[in-house]
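Asks:
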Amino acid sequence: MLLLDTHVFVWLASDARELSNRAKQAIEEECDSLFISGITGLEIALAAKRGRLILPVDAEMFIRRAVLQHGVRQIPVTAEIGCLAAALPDKHNDPFDRLIIASATRHGMKVVSKDGTFPKYPAIEVIW
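Going left to right, the sequence shown walks through residues 587 to 714 as my numbering numbers them.
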């Protein structure tokens, strides 16, 4: 089971070339077990709203299409995951990423991410 970091999900949905060969291979091999955190929707919508991410359609439609096209399932952000994110060591201050790390930890998933901070959390395996 792979949990896609937000930028990986956006790149996958956009057929972007930024994905590493290792990330592409893992996604192809685990195509039936791809997930995003529910927080990914907020992160994408805020990035689009702030002009840091240009999407061909509104954020909700972009996510809906990508989820359907790539068979990605969504993991809800529960209170348990929120508490787990807060309890993580302070190696990463981005609350979105902390929730993604906590989700991966809780569900025993590998994370596909280019973020260099993720490997500092030994409880998760990071693919890039």
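Using N, Cα and C, we set each Cβ at its ideal position, and we do this for glycine too. For clarity, every value in this text was computed on a predicted model and none was experimentally measured.
To the nearest whole angstrom, what separates the beta carbons of P681 and G624, a pair I think is in contact under 8 Å?
Replies: With 8 Å as the limit, P681 and G624 do not qualify as a contact, their Cβ atoms being about 13 Å apart.
Asks: Strictly by DSSP, which residues pair up with K696?
Replies: For K696, which the question treats as bridged, DSSP gives the partners L588.
Asks: Can you tell which of R638, T703 and I630 has the C-alpha that lies nearest to the C-alpha of N679?
Replies: Nearest C-alpha to N679: T703.
Asks: What's the C-alpha gap between W714 and H656?
Replies: Straight-line Cα distance between these residues: approximately 19 Å.
Asks: What whole-angstrom Cβ distance do R692 and I667 have, given they're in contact under 8 Å?
Replies: Rounded, the Cβ-Cβ distance is 6 Å, consistent with contact.
Asks: Secondary structure at S689, three-state DSSP: helix, strand or coil?
Replies: Of the three classes helix, strand and coil, the one that applies to S689 here is helix, per DSSP.
Asks: When you compare only the Cα positions, how much space is there between V670 and T592?
Replies: Residue identity check: residue 670 is Leu in the sequence provided, not Val. When rounded, the distance between both Cα atoms is 19 Å.
Asks: Based on DSSP bridge pairs, tell me the residues matched to S623.
Replies: DSSP output for S623 lists I661 as bridge partner(s).
Asks: Mind checking G627: buried by the 16 CB within 10 Å criterion, or exposed?
Replies: By the neighbour-count rule (16 or more Cβ atoms within 10 Å), G627 is buried.
Asks: Can you check which of these residues, V712, V596, D701 and P675, is closest to I640 by C-alpha distance?
Replies: That would be V596, whose Cα lies nearest to the Cα of I640.
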